[in-house]
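Asks: Position 549 of the sequence shown, counting from 1, maps to 549 under full-length UniProt numbering, and the rest follow consecutively.
Note that CB positions come from ideal geometry on N, CA and C, so glycine has one too.
Since this is a predicted model, take the numbers as computed values, not measurements.
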Amino acid sequence: MPTAQAEPLKIVIDFDSTFTKVEGLDELARIALQGNPKQAEIVGKIKDITDQGMVGAYSFADSLRDRVALLPANRSHVDQLIVFLKGKISESFKRNKDFLEENAAQILIVSSGFKDFIVPVVNEMGIPAENVYANTFTYDAEGTITGYDADNLLSQDKGKVRLLQSLQLEGEVYVIGDGITDYELRESGLANKFFAFTENVSRKAVTDKADYVVPSLDEFLYINGLSRAQSYPKSRIKVLLLENVHPGAVNAFKKEGFQVELLKGALDEDELIEKIKDVSIIGLRSKTNLTKKVLEHPNASRLMCVGAFCIGTNQIDLVECEKRGIAVFNAPYSNTRSVVELSIGLMVMLTRNIFEKSTKMHAGVWDKSATNSYEIRGKKIGLVGYGSIGTQISVIAEALGMEVYFCDSVDKLALGNAKKCSSLKELLSQVDFVSLHVDGRKSNTNIIGKEQFSWMKDNVIFLNLSRGHVVEIPALVEAIKSGKVWGAAIDVFPYEPKTNDEEFLNELRGLPNVILTPHIGGSTEEAQQNIGEFVPAKLLQFMNNGSTYGSVNFPELQLPPLEDAHRLLHIHHNVPGILAQINQIFAKYHVNIIGQYLKTTENTGYVITDVAKEYSDEIVSELKLIDNTIKFRMLY
Numbered sequence: 001m002p003t004a005q006a007e008p009l010k011i012v013i014d015f016d017s018t019f020t021k022v023e024g025l026d027e028l029a030r031i032a033l034q035g036n037p038k039q040a041e042i043v044g045k046i047k048d049i050t051d052q053g054m055v056g057a058y059s060f061a062d063s064l065r066d067r068v069a070l071l072p073a074n075r076s077h078v079d080q081l082i083v084f085l086k087g088k089i090s091e092s093f094k095r096n097k098d099f100l101e102e103n104a105a106q107i108l109i110v111s112s113g114f115k116d117f118i119v120p121v122v123n124e125m126g127i128p129a130e131n132v133y134a135n136t137f138t139y140d141a142e143g144t145i146t147g148y149d150a151d152n153l154l155s156q157d158k159g160k161v162r163l164l165q166s167l168q169l170e171g172e173v174y175v176i177g178d179g180i181t182d183y184e185l186r187e188s189g190l191a192n193k194f195f196a197f198t199e200n201v202s203r204k205a206v207t208d209k210a211d212y213v214v215p216s217l218d219e220f221l222y223i224n225g226l227s228r229a230q231s232y233p234k235s236r237i238k239v240l241l242l243e244n245v246h247p248g249a250v251n252a253f254k255k256e257g258f259q260v261e262l263l264k265g266a267l268d269e270d271e272l273i274e275k276i277k278d279v280s281i282i283g284l285r286s287k288t289n290l291t292k293k294v295l296e297h298p299n300a301s302r303l304m305c306v307g308a309f310c311i312g313t314n315q316i317d318l319v320e321c322e323k324r325g326i327a328v329f330n331a332p333y334s335n336t337r338s339v340v341e342l343s344i345g346l347m348v349m350l351t352r353n354i355f356e357k358s359t360k361m362h363a364g365v366w367d368k369s370a371t372n373s374y375e376i377r378g379k380k381i382g383l384v385g386y387g388s389i390g391t392q393i394s395v396i397a398e399a400l401g402m403e404v405y406f407c408d409s410v411d412k413l414a415l416g417n418a419k420k421c422s423s424l425k426e427l428l429s430q431v432d433f434v435s436l437h438v439d440g441r442k443s444n445t446n447i448i449g450k451e452q453f454s455w456m457k458d459n460v461i462f463l464n465l466s467r468g469h470v471v472e473i474p475a476l477v478e479a480i481k482s483g484k485v486w487g488a489a490i491d492v493f494p495y496e497p498k499t500n501d502e503e504f505l506n507e508l509r510g511l512p513n514v515i516l517t518p519h520i521g522g523s524t525e526e527a528q529q530n531i532g533e534f535v536p537a538k539l540l541q542f543m544n545n546g547s548t549y550g551s552v553n554f555p556e557l558q559l560p561p562l563e564d565a566h567r568l569l570h571i572h573h574n575v576p577g578i579l580a581q582i583n584q585i586f587a588k589y590h591v592n593i594i595g596q597y598l599k600t601t602e603n604t605g606y607v608i609t610d611v612a613k614e615y616s617d618e619i620v621s622e623l624k625l626i627d628n629t630i631k632f633r634m635l636y
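#1: Span of the beta strand (DSSP E) holding residue 674?
#2: The beta strand (DSSP E) with H570 in it runs from where to where?
#3: Roughly how many angstroms separate the alpha carbons of V404 and I461, rounded to a whole number?
#4: To the nearest angstrom, how far is it from the Cα of F84 to the Cα of Q106?
#5: Using 7 Å as the threshold, is the C-beta distance between I531 and S334 below it?
#6: Can you round the beta-carbon distance between G307 and I180 to whole angstroms, since I take them to be within the 8 Å contact cut?
#7: Counting pairs of beta carbons, one from the region 423-430 and one from the region 282-297, are three or more of them closer than 8 Å?
#8: Can you tell me the Cα-Cα spacing of R302 and P332, whole angstroms?
#9: Looking only at its own chain, which residues have a Cβ that is under 8 Å from the Cβ of A565, when we skip the five neighbours before and after it?
#10: Just how far apart, CA to CA, sit D411 and G468?
#11: Which same chain residues, not among the five before or five after A475, have their C-beta less than 7 Å away from its C-beta?
#12: Determine the DSSP secondary structure at C310, reduced to helix, strand or coil.
#13: Is L85 near the ligand GTP, judged by its Cβ being under 6 Å from some heavy atom?
#14: Which first and last residues belong to the alpha helix (DSSP H) in which T359 is found?
#15: Report yes if the CB atom of K209 is closer than 7 Å to the CB atom of Y174, and no otherwise.
#16: Look at the alpha carbon of G53 and the alpha carbon of G113, and state the distance between them as a whole number of angstroms.
#17: Count the other CB atoms, across all protein chains shown, that sit within 10 Å of the CB of H77; report buried if there are 16 or more and exposed otherwise.
#18: Between Y183 and chain B, is the shortest Cβ-Cβ distance under 7 Å, so that the two count as touching?
#19: Between which two residues does the beta strand (DSSP E) holding I630 run?
#20: My assumption, with CB atoms under 8 Å, is that I109 sits in contact with N131. Please give the rounded CB distance.
#21: With DSSP run on the structure shown, which of helix, strand or coil describes A489?
#22: Nearest-angstrom Cα distance between A205 and S188?
#23: Identify, in the order they occur along the chain, each residue of the same chain with its Cβ nearer than 6 Å to the Cβ of I273, setting aside the five sequence neighbours on each side.
#24: CA-CA distance, Y495 and S466?
#25: In angstroms, rounded to a whole number, what distance separates the CA positions of I393 and V348?
#26: Is T50 helix, strand or coil by DSSP?
#27: Taking all protein chains shown into account, decide if E507 is buried (16 or more other Cβ within 10 angstroms of its Cβ) or exposed.
#28: Distance, Cα to Cα, Q529 vs G248?
#29: For P555, which of D408, L598 and E533 has the nearest alpha-carbon?
#30: Give me the Cα-Cα distance between L217 and V121, rounded to the nearest whole angstrom.
#31: Along the chain, where does the beta strand (DSSP E) that runs through E261 open and close?
#32: With L25 and I46 assumed to form a contact (beta carbons below 8 Å), what rounded beta-carbon distance in angstroms separates them?
#33: Take the Cβ of E618 as the centre, count every other Cβ of all protein chains shown within 10 Å, and call the residue buried at 16 or more, exposed below.
#34: Just confirm the distance between the C-beta atoms of K160 and A134, as a whole number of angstroms; I'd bet it's less than 8 Å.
#35: DSSP three-state call for I89: helix, strand or coil?
#36: Would a C-beta distance cut-off of 7 Å place A488 and V514 closer than the cut-off?
Pasting the structure below:
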């Protein structure tokens, strides 16, 4: 006798603040009352009633009656709401549209909201109208909402419970929602499990009663093994962002569903070891050092990639990161223009003695004089470092009428009429302005010291907007006091306060014609926004499809989008035979390879293989066990 086939799992999903990010009635009120002076007051009342009803502090029937009574809306407002809600579908639902479409027959939308606006929204995600259970508005001849169908079970207390009782669903039933009425389905025994959905709103009265708290639909699918269309859920992946990086970075990761923690200040080594536990992505700026000691600690075992929200990466042990299969990305050009503009502005202010005159003016002293005030036109500027910043300064300085000289450890093509010097001594001995724009490598420590100041012309203007450790501060102080350096602008220092609450201590304080700025060369709104967009984009590309283009320590691969396949990413020590071993495993299990990509550095190999979705789970285990494997992960 044949065995009866088990009924497929039924998934009951709430609409407001679950399928969408917002409450439909609240938003309908906001739209209908646009321009009404009482808009905020009425919307606030409706929202308050909604919130009380969601935690069980307000009977649902009363809640619905009182909210609709406050609602002066019509069909045109509902139409506007539909358009609005289509743009407010929860991010994790959008990410899992394929799952919703493929399993639409087993998905029910059960809501105390209204079909009038719910059906058009869920239809776009593949859910048919017949699977939507919700209230309906009543309208008068002019299309004004007059109320709702009071005979509908969902307009009554315990409405969701009564509805599911009437449906008599067979098999297991799981409920996803954010309100107490969703939990009541579990409490009544009509649902096997209740998942409190917290992507948009978290209510303690609801989460305390849940079988599981899920911050996204990804997490729900992962817990229940429902979809191979999603890899490890992003809601379980921790992102640690330090030094108050731009809010755009925080939003980028949150939008993708990651767990994000933002700290305003920098962390020292021991603090970072503590904080990095279970973190997969870390973003930092120039004051936090990601050292070998941190990286080799067991707490850092999950770290997959690092974002330097700045130009330099000297604060990161790139070699150790590569050894451990951790890709590092930075923002090499995002704040270039900001540093360039500040450099030019500082030169003008120092040459015109602006700060001294401004200070006197604030003290009531009118000192109108041309003494010690000069143009920069016709003067010689020496650029130590001719990278992205140095070259831009070169172009602008020449446009301002300056003669440009430069030196760089790498052979660089001169722009415009700039002249390349064969040595640092040659450059320093003939220019009126010295501006440093070198990187933070250890070999650049104290490249400007007592001897180098002695090579300079008397009354030179000196700027350092590169790295604090490249200048020997006592030698600079001596050069200023002796008159060798007539004016200086310093933006970076060997030691810098970790937070704005720490006092800045330095020998340069109080010296005349010295402009001190708190490492703000790249700190403009434009630069921070650019960095806040650029670095997360690189990190997300790596996490989402494995691309490493732009990495400063890793084999660079720009990968195509992942389509209708699973992507297997294998990071290994660069020794002969790894690719052959990988492909032998695929051949052994008759796996169809759709695409394969390989790139190596001297020490590291990176193989990405796109395969057909059907394959044995043993393949993954065998790929991980290949000798010299550093890291392995899957995307699907």
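Replies: Well, looking at it:
#1: Here the chain covers residues 1 to 636 and nothing more, so residue 674 does not appear.
#2: Translated into the one-based positions of the sequence shown, residue 570 becomes position 570. H566 to H573 is the span of the beta strand (DSSP E), which, as asked, contains H570.
#3: In the sequence shown, the residue the question calls residue 404 occupies position 404. In the sequence shown, the residue the question calls residue 461 occupies position 461. So the alpha carbons of these two residues sit roughly 14 Å apart.
#4: Reading the sequence shown from its first residue, position 84 is the one you call residue 84. Reading the sequence shown from its first residue, position 106 is the one you call residue 106. Answer to the nearest angstrom: the Cα atoms are 27 Å apart.
#5: Translated into positions along the sequence shown, residue 531 becomes position 531. Translated into positions along the sequence shown, residue 334 becomes position 334. In contact: I531 and S334 (Cβ atoms closer than 7 Å).
#6: For the purposes of this step, residue 307 is taken as the residue at position 307 of the sequence shown. For the purposes of this step, residue 180 is taken as the residue at position 180 of the sequence shown. Between I180 and G307 the Cβ distance is about 40 Å, and since that is not below 8 Å, they are no contact.
#7: Taking 8 Å as the limit for Cβ pairs, the verdict is that the region 282-297 does not touch the region 423-430.
#8: As a position in the sequence shown, residue 302 is number 302, starting the count at 1. As a position in the sequence shown, residue 332 is number 332, starting the count at 1. If I take the Cα positions, the gap works out to 26 Å.
#9: Working through the sequence shown from its first residue, we reach residue 565 at position 565. Closer than 8 Å at Cβ, skipping near neighbours: I594, G595, D610, V611, A612, K613 and Y636.
#10: Along the sequence shown, one-based indexing puts residue 411 at 411. Along the sequence shown, one-based indexing puts residue 468 at 468. Counting only the Cα atoms, G468 lies some 24 Å from D411.
#11: Along the sequence shown, one-based indexing puts residue 475 at 475. Counting only Cβ-Cβ distances below 7 Å, and skipping sequence neighbours, we find G449, K450 and F453.
#12: The residue labelled residue 310 in the question sits at position 310 within the sequence shown. Coil, per DSSP.
#13: With respect to the ligand GTP, the structure offers nothing, as it holds no ligand at all.
#14: Along the sequence shown, one-based indexing puts residue 359 at 359. That run of the alpha helix (DSSP H) goes I354 to H362.
#15: For the purposes of this step, residue 209 is identified with residue 209 of the sequence shown, where counting begins at 1. For the purposes of this step, residue 174 is identified with residue 174 of the sequence shown, where counting begins at 1. No, the pair does not count as a contact, with Cβ atoms beyond the cut-off.
#16: Within the sequence shown, residue 53 is the residue found at index 53, counting from 1. Within the sequence shown, residue 113 is the residue found at index 113, counting from 1. So the alpha carbons of these two residues sit roughly 13 Å apart.
#17: Residue numbering aside, residue 77 sits at position 77 when the sequence shown is read from its first letter. H77 counts as buried, since at least 16 other C-beta atoms from the protein chains shown sit within 10 angstroms of its C-beta.
#18: Reference to chain B is not applicable here, since this structure consists of a single protein chain.
#19: Working through the sequence shown from its first residue, we reach residue 630 at position 630. Segment T629 to L635, the beta strand (DSSP E) holding I630.
#20: Stepping through the sequence shown from its first residue, residue 109 is reached at position 109. Stepping through the sequence shown from its first residue, residue 131 is reached at position 131. Between N131 and I109 the Cβ distance is about 6 Å, and since that is below 8 Å, they are a contact.
#21: Counted from its first residue, the sequence shown places residue 489 at position 489. In the structure shown, A489 falls within a strand segment according to DSSP collapsed to helix, strand and coil.
#22: In the sequence shown, counting from the first residue as 1, residue 205 sits at position 205. In the sequence shown, counting from the first residue as 1, residue 188 sits at position 188. Their Cα atoms are separated by approximately 17 Å.
#23: Residue mapping note: residue 273 aligns to position 273 of the sequence shown, counting from 1. Here the set comprises V294, H297 and N299.
#24: As a first step, residue 495 must be located in the sequence shown, where it is residue number 495. As a first step, residue 466 must be located in the sequence shown, where it is residue number 466. Going by the C-alpha atoms only, they are around 14 Å apart.
#25: For the purposes of this step, residue 393 is identified with residue 393 of the sequence shown, where counting begins at 1. For the purposes of this step, residue 348 is identified with residue 348 of the sequence shown, where counting begins at 1. Rounded to whole angstroms, the separation of the alpha carbons of V348 and I393 is 13 Å.
#26: One-based indexing of the sequence shown puts residue 50 at position 50. Note: T50 maps to helix in three-state DSSP.
#27: Within the sequence shown, the letter at position 507 stands for residue 507. Exposed.
#28: Your numbering for residue 529 matches position 529 in the sequence shown. Your numbering for residue 248 matches position 248 in the sequence shown. Between the alpha carbons of Q529 and G248 lies a distance of about 7 Å.
#29: For the purposes of this step, residue 555 is identified with residue 555 of the sequence shown, where counting begins at 1. That would be L598, whose Cα lies nearest to the Cα of P555.
#30: By 1-based counting over the sequence shown, the position of residue 217 is 217. By 1-based counting over the sequence shown, the position of residue 121 is 121. Approximately 17 Å, taken between the alpha carbons.
#31: For the purposes of this step, residue 261 is taken as the residue at position 261 of the sequence shown. In the DSSP assignment, E261 falls within the unbroken beta strand (DSSP E) covering Q259 to L262.
#32: Locating residue 25 in the sequence shown gives position 25, where the first residue counts as 1. Locating residue 46 in the sequence shown gives position 46, where the first residue counts as 1. Taking C-beta atoms under 8 Å as the contact rule, L25 and I46 qualify, at a distance of about 6 Å.
#33: For this step, residue 618 is matched to residue 618 along the sequence shown. Residue environment analysis places E618 among the exposed positions, since fewer than 16 neighbouring C-beta atoms fall within 10 angstroms of its C-beta.
#34: For the purposes of this step, residue 160 is taken as residue 160 along the sequence shown, with counting starting at 1. For the purposes of this step, residue 134 is taken as residue 134 along the sequence shown, with counting starting at 1. A Cβ-Cβ separation of about 10 Å leaves K160 out of contact with A134 under the 8 Å criterion.
#35: Here residue 89 is taken as the residue at index 89 of the sequence shown, counted from 1. In the three-state reduction of the DSSP assignment, I89 falls in the strand class.
#36: Reading the sequence shown from its first residue, position 488 is the one you call residue 488. Reading the sequence shown from its first residue, position 514 is the one you call residue 514. Here A488 is near V514, since their CB atoms are less than 7 Å apart.
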